[in-house]
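Reviewing the structure listed below.
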Amino acid sequence: MLKTIISKLMGKSNDKIENSNIICGCFNLTEQDLKNAVSNGAKTFEEVQQITKVSTGCGKCKGNNEKLVNNLILKKKIDENQVVCGCYNVKVQDMINAIKNGSRSFEEIQKVTKAGTGCGGCIESNKALVGQLLAKY
Ligand code: FES
Ligand code: FES
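Under our numbering, the sequence shown is numbered contiguously, ending at residue 128.
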């Protein structure tokens, strides 16, 4: 009802109003589509792309959507206290504890938790995670 009134006042169709939260016009995707992909288990932007096709058309939305997806993935890791370094079974809470005990950089957190000092495969993602945690704690 409200949408219809607004449409008439603004001379826009309902479709255009509903499309205002489209984040990838090539595939008609909303932020919710990306959230669904992450909550269904996608762990990287590339995996979200495989599921949703986001940013695989003209590509002009890629920068913003990559940032958005990376933030959604980090938020999920924090909310679920996930294991973020399989080699040493380090969880997000272990990193938060290190920060609360005075660690103020990725390297300092590494010394305490050993995160990233095994195979090294988790270093890049954990640097991004630590950046968010340091801003929060
Ligand atoms: S707007 Fe997203 S790929 Fe074109
Ligand atoms: S998974 Fe973290 S060092 Fe191997």
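Glycine residues also receive a C-beta, built at the ideal position from the N, C-alpha and C atoms.
Which residue's Cα is closest to the Cα of residue i: the options?
i: CYS76; options: LEU125, ASN117, GLY16 and LEU59; result: ASN117
i: GLN84; options: VAL121, CYS110 and SER96; result: VAL121
i: CYS113; options: LYS34, ILE13 and GLY16; result: LYS34
i: ASN55; options: GLY111, GLY16 and GLN41; result: GLY16
When the distance is taken between beta carbons, is residue j closer than 8 Å to residue i?
i: ASN61; j: PHE36; result: yes
i: GLY144; j: TYR128; result: The structure shown does not extend to residue 144, since the chain spans only -8 to 128, so no value can be given for it.
i: VAL81; j: LYS105; result: yes
i: CYS52; j: ILE14; result: yes
i: VAL29; j: VAL45; result: no
i: ILE100; j: SER94; result: yes
i: LYS130; j: LEU63; result: Any question about residue 130 goes unanswered here, given that the chain covers just -8 to 128.
i: THR47; j: ASP24; result: no
i: VAL103; j: ALA89; result: yes
i: ASN12; j: THR21; result: yes
Hey, is residue i close to ligand 1, as in C-beta under 7 Å from one of its heavy atoms?
i: THR47; result: yes
i: CYS113; result: no
i: LYS51; result: yes
Since residue i contacts residue j with CB under 8 Å, what's their CB separation in whole angstroms?
i: LEU59; j: GLN123; result: That pair is no contact at about 14 Å.
Is any heavy atom of ligand 2 found at a distance shorter than 7 Å from the C-beta of residue i?
i: GLY107; result: yes
i: GLY77; result: yes
i: CYS15; result: no
Within 8 Å of any Cβ in chain B, is that where the Cβ of residue i sits?
i: LYS66; result: Protein chains in the displayed structure number just one, and chain B is not present.
Taking the runs of the beta strand (DSSP E) that are 3 residues or longer, which of them lie wholly in the region 67 to 96? 74 to 76
Ranges of the beta strand (DSSP E) found wholly within the region 10 to 58, counting only runs of at least 3: 13 to 15
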